[in-house]
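Protein chains: 2
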Amino acid sequence: MKPLRTALLFALVLGGLRADEGMWTFDNLPLKKMKAAYGFAPDQAWLDHVRLSALHFGGGSGSFVSADGLAITNHHVGRGWIQQISGPGDKDYLKLGFVAKTRAEEIKVPGMTLRTLMRMENITDQVNAAAKPGMDEAQASEARDQAAKRLSDDLTQRTGLSVNVIRLYQGGEVWLYAYKVHKDVRLVMAPEMGIAGFGGDADNFTYPRFDMDFALFRVYENDKPYRPEHFLSWQKEGLKTGDLTFVVGHPGSTQRLNTYAQMLYARDTALPLRLASLNKSRQDMLEYASRSPEHARQVRTRIYSLENGLKAMNGYLRGLKDADALAEIQKREQKLRAEVAQHPALQKEVGGSWERMEEALKTSAPLAKENAVVNAPSSGPLATALTLVRLIEEPLLPEAQRLKGYRTESERNALLEGLDRPSRNPNAELDHFLLVKSLDDIATLKADHPFRVAVLGTTAPEAAAQSFEASKVSDSAFRKALLEGGVKALHESTDPAILAARRMRPILGDLAHRQEAAQAILTEHGARIARARFQVQGKENYPDATLTLRLTYGPVSTYPANGTLIQPFTTFHGLMDRALAWGPEAQNGAWALPTRWQERKDRLDLTTPFNFAHSVDIIGGNSGSPVLNTKGQFAGVIFDGNIEMLPGNFYYDGKVNRGVSLDARAILECLVKIYEAPHLVNELTAQ
Amino acid sequence: MKPLRTALLFALVLGGLRADEGMWTFDNLPLKKMKAAYGFAPDQAWLDHVRLSALHFGGGSGSFVSADGLAITNHHVGRGWIQQISGPGDKDYLKLGFVAKTRAEEIKVPGMTLRTLMRMENITDQVNAAAKPGMDEAQASEARDQAAKRLSDDLTQRTGLSVNVIRLYQGGEVWLYAYKVHKDVRLVMAPEMGIAGFGGDADNFTYPRFDMDFALFRVYENDKPYRPEHFLSWQKEGLKTGDLTFVVGHPGSTQRLNTYAQMLYARDTALPLRLASLNKSRQDMLEYASRSPEHARQVRTRIYSLENGLKAMNGYLRGLKDADALAEIQKREQKLRAEVAQHPALQKEVGGSWERMEEALKTSAPLAKENAVVNAPSSGPLATALTLVRLIEEPLLPEAQRLKGYRTESERNALLEGLDRPSRNPNAELDHFLLVKSLDDIATLKADHPFRVAVLGTTAPEAAAQSFEASKVSDSAFRKALLEGGVKALHESTDPAILAARRMRPILGDLAHRQEAAQAILTEHGARIARARFQVQGKENYPDATLTLRLTYGPVSTYPANGTLIQPFTTFHGLMDRALAWGPEAQNGAWALPTRWQERKDRLDLTTPFNFAHSVDIIGGNSGSPVLNTKGQFAGVIFDGNIEMLPGNFYYDGKVNRGVSLDARAILECLVKIYEAPHLVNELTAQ
């Protein structure tokens with residue numbers, strides 16, 4: 009689609025987009041702008057090299073950093089996996105850290121997969137062509153989905169790669185991203201959580217920082233270290249203040265191109281509901297953890313994740329409460345709408361989209377509040393029973409009326425696989441605790457509330473939980489028989505969880521359908537607005553984050569905060585300062601140095617650069633991304649942003665938004681002096 | 009005046025006054041509240057001891073800390089005096105620091121005086137009795153002033169002390185404070201400005217900090233070290249997080265008891281005008297400093313002081329831009345007014361005062377703007393000439409019509425003394441520069457503006473400056489002859505500065521009279537409101553700061569800022585971290601370690617506590633105040649607040665408002681390891 013560029017709009021875009029803003033896709037990098045600002049822009053070989061060295065690390069990012077498949081990410085990205093292979097006592101690798109002295113000691117992490125982005129194909133035109141004149145919104149949307157699905161299956165067939173359909177610019181572009189998947193991943197080295205996450209929840213999302221937040225894994229193929237075609241060389245010279253850096257990783261989600269009405273919806277409805285839910289879960293987990301130190305160990309990473317989420321959501325909300333920022337967003341939208349109005353064809357297609365979305369959001373708000381109360385269980389016997397009931401009953405409906413996720417054969421297969429997958433960390437006590445907590449919530453509804461009647465009837469939560477736990481739905485033979493028996497077997501079943509799930513299904517289904525209808529309008533008109541923006545602005549803009557590979561760039565730099573200028577780097581001296589200033593007791597030991605660090609700290613060169621702040625544009629999901637210098641070498645690993653980064657979910661403020669990274673020099677210093685792992689240092693610096 | 013205490017209002021006051029708020033006078037300490045909160049409250053002997061150990065240090069504070077009259081304050085409080093006795097090269101004690109190895113090497117600072125508060129007398133009833141029924145506002149105000157003056161003269165006569173009339177609670181109480189004055193003060197030790205003010209203007213008014221901000225002076229009497237009756241013993245044990253601290257010093261000025269309308273006036277008129285003026289002066293001084301390093305040295309402390317003022321005023325303004333805080337202030341005022349309305353006698357006297365003040369502020373705003381343009385010179389030949397002209401012409405008017413400051417014999421004597429006093433740092437080039445700058449300002453007025461006509465006529469600033477510099481007003485014989493010659497000699501004089509001053513006088517006088525009239529209303533009704541507040545609240549409240557001795561207390565503690573919890577202490581490790589992180593070049597060397605520190609840093613125990621944050625209620629003028637532990641021992645010296653302290657000019661927010669102090673342990677560590685001054689350490693720790 010050709011941009012209808014006009015002088016007016018070009019000026020508008022340049023004015024709106026600040027220095028170094030942008031999470032850029034690899035097909036559309038602002039190389040000219042970069043070159044003009046920094047006298048350097050990478051060439052295609054540089055870009056291919058770093059893309060093929062980068063790794064998708066679950067919900068985070070990482071990169072290959074040795075010829076033998078060593079992969080680096082953040083400790084907090086690997087935390088769930090380290091927890092998974094940990095146990096009590098001296099197997100508590102989260103608490104004690106872990107160093108494999110030999111490759112034989114490297115610990116395989118079952119189920120852990122990493123991915124490399126091998127190719128990207130723009131299928132926007134083919135997908136858009138599938139929507140024919142005369143189709144309504146839902147039909148057009150469905151036709152586009154089907155076309156994308158066909159193209160995706162085709163690419164999978166041709167390449168053997170794992171292919172994802174990627175919607176950029178709110179659906180303004182559709183791409184296929186094809187990944188090589190690495191399925192044998194082993195833990196090589198992890199620092200203690202006390203130093204990886206030094207400062208705990210208090211320091212999380214802040215700077216200056218003193219966190220050794222990295223971990224090393226190794227990819228294997230056929231039980232041998234994998235030899236990646238591309239991996240990052242370790243830097244020869246350390247970064248200095250003002251040096252240009254690049255960050256290549258997978259920012260998860262931003263909402264910067266959303267409409268003004270969507271911003272207000274997030275501020276007034278979505279984020280407050282999410283915060284209430286996270287707060288409730290955190291309270292529950294703290295209650296469980298208070299039972300004993302072992303209970304605390306079991307839910308440590310859950311609490312970490314909840315607190316992380318709370319701090320992030322609070323930061324997002326703070327961004328939306330900035331009246332000046334909101335006014336600027338509104339002004340930009342008004343300008344875009346005025347420009348659209350000048351083009352009759354565009355105005356016909358998109359002119360009404362903002363109002364349509366505003367109406368859909370008005371419908372969504374009470375549904376979201378209802379959903380916070382009438383909430384489908386996400387785990388446990390009721391969740392399993394609900395999936396079984398839906399697997400049997402949804403296919404009886406015409407496809408368009410079925411619940412989302414229960415429509416195609418592949419969706420059905422994915423659900424069946426999910427039911428058969430064993431739990432990563434089976435824990436009956438925790439499961440029971442969570443089930444009772446969810447039933448407690450339901451018991452706060454009025455006695456005659458249909459959802460309470462459906463789930464609990466007049467039974468108390470504890471008794472109901474015990475009854476559901478007596479269900480057979482976790483037994484695969486039971487599930488097989490039920491699914492084969494179909495509707496008849498289902499209606500005859502007296503299994504307590506199945507009975508409850510049959511009563512819950514219509515209530516949840518009705519709500520889900522109403523939410524889906526509102527969402528379809530938001531999706532369709534969001535895409536129309538995005539296409540209109542394309543027509544007037546071209547691709548000077550970058551798409552919102554979608555957990556796909558992006559590049560962002562900017563110099564190591566200070567920023568104004570806390571009444572002063574914040575220092576661009578920290579050093580190990582600063583770590584000692586903060587540890588001493590608080591003492592080991594404060595905030596449950598948030599600033600306590602791990603034993604090994606206390607014992608060996610005198611070996612450290614305390615002047616070593618530790619963490620640094622740089623003016624890059626990142627968001628959750630970028631964690632573990634490599635930081636590159638202009639030579640494309642590994643200069644550090646990004647693990648956070650400052651507190652001013654969080655409003656970046658909705659808009660970018662280059663004056664204060666900074667990424668926070670662990671310096672490559674600090675990694676080597678601790679590998680040598682603290683972890684006595686010269687073999688890893690040799691491997692990392694071999695090239 | 010008896011408090012009409014009511015349950016309602018008692019609750020209101022308790023709700024309004026947060027923990028540890030207050031700059032308390034020594035006659036009215038909240039000992040019960042302190043005891044309840046901390047299990048400790050000082051007794052009368054403790055209080056007398058610290059009061060008599062405390063020193064008024066010019067615009068700041070300090071204390072006696074040895075039997076031989078050693079006095080400690082902040083380096084930045086002593087800075088002007090150190091500058092005064094410094095010179096270029098190795099006499100640049102600001103840059104290089106200074107340590108007297110023997111008492112003979114201690115350097116006398118001409119004109120420097122320190123004061124000890126010996127006694128305090130409440131003269132409120134006598135002063136109020138002087139205002140008789142039937143007097144109008146101005147007459148009542150004048151009668152009270154006269155009564156206070158008589159009582160002050162009487163106390164001076166009886167005691168030989170230097171007596172100040174002190175108005176507390178916006179005039180709700182009037183006191184006599186009687187000081188012993190120390191006139192022979194010598195510099196003993198000062199660190200380099202680079203470590204005393206480490207972080208420069210950027211770190212000023214912020215925390216965490218790493219500043220060795222102290223200096224030692226010694227008081228002499230009859231050329232021998234003075235033996236004060238009271239001095240503070242050095243602490244035996246260092247402070248820990250949570251330990252209760254006391255700060256005894258001279259907070260300069262707060263406006264917390266001002267009316268809501270006065271807060272808005274400060275936000276919308278007074279502070280913006282002040283900021284514009286400070287910015288202009290700073291620009292001028294930077295221009296002068298750019299001429300050469302020696303020029304820069306000459307105006308270093310002026311620039312420091314201007315930047316300090318700018319940062320402070322910006323912080324005050326930020327406080328007043330906090331909508332929630334303003335709403336709270338307005339609510340409290342409405343409650344007070346409602347309570348006043350319930351007491352007919354009070355309502356009759358005070359009910360209309362808020363409106364009267366609001367009107368007076370409406371009159372004041374344009375006058376303040378006029379004053380920013382038509383501004384009397386504060387130094388140089390025009391200032392001297394103006395004083396001479398006024399000394400001759402004002403006495404011709406009835407006393408009530410004379411300009412303030414030109415009414416009584418003692419005011420006249422003070423002015424004459426001022427004219428004869430030699431300049432502390434004579435600098436003809438700087439004087440000329442300042443004169444031309446002030447004339448440049450006047451030259452921006454329209455050509456027919458009366459003030460421009462009066463000062464410049466049609467002459468250009470540079471030529472006018474040279475003509476004024478040819479004036480004889482700096483010659484004491486000329487001044488004597490003119491004053492003796494009276495009106496006749498004045499009218500015959502052709503001295504260019506005298507001629508200009510005669511033209512300026514009526515313009516400035518008219519403006520001053522209009523400002524004074526508005527101010528009289530604010531003073532009178534401010535006092536009435538204060539008296540009303542007394543009647544309903546008693547003395548549970550503390551008066552606004554008035555550069556008189558106060559005590560504030562609170563524990564060493566963290567506070568939430570920058571997204572995290574701020575550490576209660578810093579250490580020398582943190583100093584190294586911040587110096588390394590920035591490097592010596594950043595911000596004109598703001599974070600560069602002085603040479604002596606670079607050379608000797610390895611001698612330091614880097615774990616030594618350096619600065620700390622504590623929950624005390626302070627403001628400018630408290631600088632240099634001793635920090636005491638519960639034993640009344642010297643535990644540190646307060647030198648700043650965090651950035652959140654600045655709104656404390658208008659209201660106190662105990663959640664984040666913190667004082668920032670230099671730890672006594674850091675002082676000893678650097679005296680031993682860096683400054684090689686064991687004789688001072690021995691003297692300080694002798695008892």
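Chains as they are written, first to last, in this note's numbering: chain A, 9 to 695; chain B, 9 to 695. Quick reminder that beta carbons are idealized off the backbone N, C-alpha and C, glycines included.
- Check the Cβ-Cβ distances between Gln575 (chain B) and every residue of chain A, and say whether any is below 8 Å. yes
Could you give the residue range of the beta strand (DSSP E) that holds His64 (chain B)?
Ala62 to Phe65
- Own chain, CB closer than 6 Å to Ala148 (chain A), minus 5 neighbours either side, in chain order: Ala139
Practice prompt. Label Phe48 (chain B) either buried or exposed according to how many other C-beta atoms from any shown protein chain fall within 10 Å of its C-beta, with 16 as the threshold for buried.
Written response: exposed
Going by C-alpha distance, which of A:Asn82, A:Leu37 and A:Val107 is nearest Pro686 (chain A)?
-> Residue A:Val107 is the option with its Cα nearest to Pro686 (chain A).
message: Rounding to the nearest angstrom, what Cα-Cα distance links Gly465 (chain B) and Phe620 (chain B) in this structure?
response: 57 Å
| Which runs of the alpha helix (DSSP H) fall wholly inside the segment 225-304 of chain A and span at least 4 residues, in chain order? | The qualifying runs are 268-273 and 279-297.
Under 8 Å between C-beta atoms, does His581 (chain A) make it to chain B? yes
Candidates B:Ala349, B:Glu341, B:Gln306 and B:Pro385: which alpha carbon is nearest Pro434 (chain B)'s?
B:Gln306
#### Entry: Anticipated Cβ contact below 8 Å, Ala62 (chain A) with Pro504 (chain A), distance rounded
Not really, about 48 Å apart at Cβ, beyond 8 Å.
For Ala600 (chain B), count the other beta carbons within 10 Å of its own beta carbon; 16 or more makes it buried, fewer makes it exposed. Which is it? Buried, because 16 or more other Cβ atoms sit within 10 Å of the Cβ of Ala600 (chain B).
Task: Gly257 (chain B) versus Phe542 (chain B) - alpha carbon distance - done: 25 Å
Exercise. Note down, in chain order, all residues in the segment 623-654 of chain A with a beta-carbon under 9 Å from any beta-carbon belonging to chain B.
Key: Asn650, Ile651, Glu652 and Leu654
Go ahead and label Lys319 (chain B) buried or exposed: buried means 16 or more other beta carbons lie within 10 angstroms of its beta carbon, across all protein chains shown.
-> buried
Ile115 (chain B) beta carbon less than 8 Å from that of Ile93 (chain B):
yes
Starting from the N-terminal side, write out each stretch of the alpha helix (DSSP H) that is 4 residues or longer and does not extend beyond the segment 412-492 of chain B.
417-428, 436-451, 458-463 and 469-477
* To do: Just list the alpha helix (DSSP H) runs in the segment 591-621 of chain B, keeping only unbroken ones of 4 residues or longer that don't cross its boundaries, in chain order.
  => 594-597 and 603-608
request  = Kindly indicate the opening and closing residues of the alpha helix (DSSP H) around Ser149 (chain A).
outcome  = Glu145 to Thr167
Original post:
Under three-state DSSP, which class holds Gly24 (chain B)?
Top reply: Caution applies to Gly24 (chain B), whose pLDDT of 37 falls short of 50 and renders its modelled position unreliable; the value that the coordinates give is listed next. Reduced to three states, the DSSP call for Gly24 (chain B) is helix.
I want to see whether chain B comes within less than 8 Å of Asn570 (chain A), judged by CB atoms only; does it? yes
If you follow the alpha helix (DSSP H) that Arg666 (chain B) is part of, which residue opens it and which one closes it?
-> Looking at the DSSP string, Arg666 (chain B) is not in any alpha helix (DSSP H), and its letter there is neither H nor E.
field: Helix, strand or coil at Asp219 (chain A) according to DSSP, with G and I counted as helix
entry: coil
Worksheet item: Listed from N- to C-terminal order along the chain, which residues in the segment 212-228 of chain B have their beta-carbon within a distance smaller than 7 Å of any beta-carbon of chain A?
Response: Phe213 and Thr214
Check whether the Cβ atoms of Ile749 (chain B) and Asn650 (chain B) sit closer than 8 Å, and answer yes or no. Because chain B spans 9 through 695 in this model, residue 749 (chain B) falls outside it and cannot be assessed.
Next item on the list: For Ala528 (chain A), I'd like the list of residues in its chain whose CB is within less than 7 Å of its CB, leaving aside the five on either flank, ordered along the chain.
Entry: Glu145, Ala146 and Ser149
Quiz prompt | Nearest to Leu224 (chain B) (by Cα), restricted to the options B:Asp330, B:Gly119, B:Glu366 and B:Ser69 | solution = B:Ser69
Subject >> Straight-line Cα distance separating Ala349 (chain A) from Val358 (chain A) >> reply: Taking C-alpha positions only, Val358 (chain A) is separated from Ala349 (chain A) by approximately 9 Å.
### Message
Tell me the DSSP secondary structure of Asp133 (chain B) in three-state form.
### Response
Asp133 (chain B) sits in a helix when the DSSP states are folded into three classes.
Q: Indicate the three-state DSSP secondary structure (helix, strand or coil) for His581 (chain A) in the structure shown.
A: In this structure, His581 (chain A) counts as helix in the three-state DSSP scheme.
Quiz item: Using a C-beta to C-beta distance shorter than 7 Å, which residues of chain B count as neighbours of Gly656 (chain A)?
Solution: Result: empty, since nearest Cβ-Cβ is about 14 Å, beyond 7 Å.
Quiz item: Where Arg539 (chain A) and Leu344 (chain A) are concerned, what is the direct C-alpha to C-alpha distance, given to the nearest angstrom?
Solution: Arg539 (chain A) and Leu344 (chain A) have their C-alpha atoms roughly 12 Å apart.
| query | Which one of B:Ala408, B:Asp518 and B:Val544 has the shortest CA to CA distance from His351 (chain B)? | reply | B:Val544
If you pair each beta-carbon of the segment 213-229 of chain A with each one of the segment 574-587 of chain A, do three or more pairs fall below 8 Å? yes
Whose Cβ in chain D lies nearer than 8 Å to the Cβ of Thr615 (chain A)? As a matter of chain content, chain D is missing from the structure shown, whose protein chains are A and B.
- Query: Terminal residues of the continuous alpha helix (DSSP H) containing Glu181 (chain A)?
  - Reply: Where Glu181 (chain A) is concerned, there is no enclosing alpha helix (DSSP H), although the beta strand (DSSP E) it sits in stretches over Glu181 to His190.
Rounded to the nearest angstrom, what separates Val624 (chain A) and Ala672 (chain A) at their Cα positions?
17 Å
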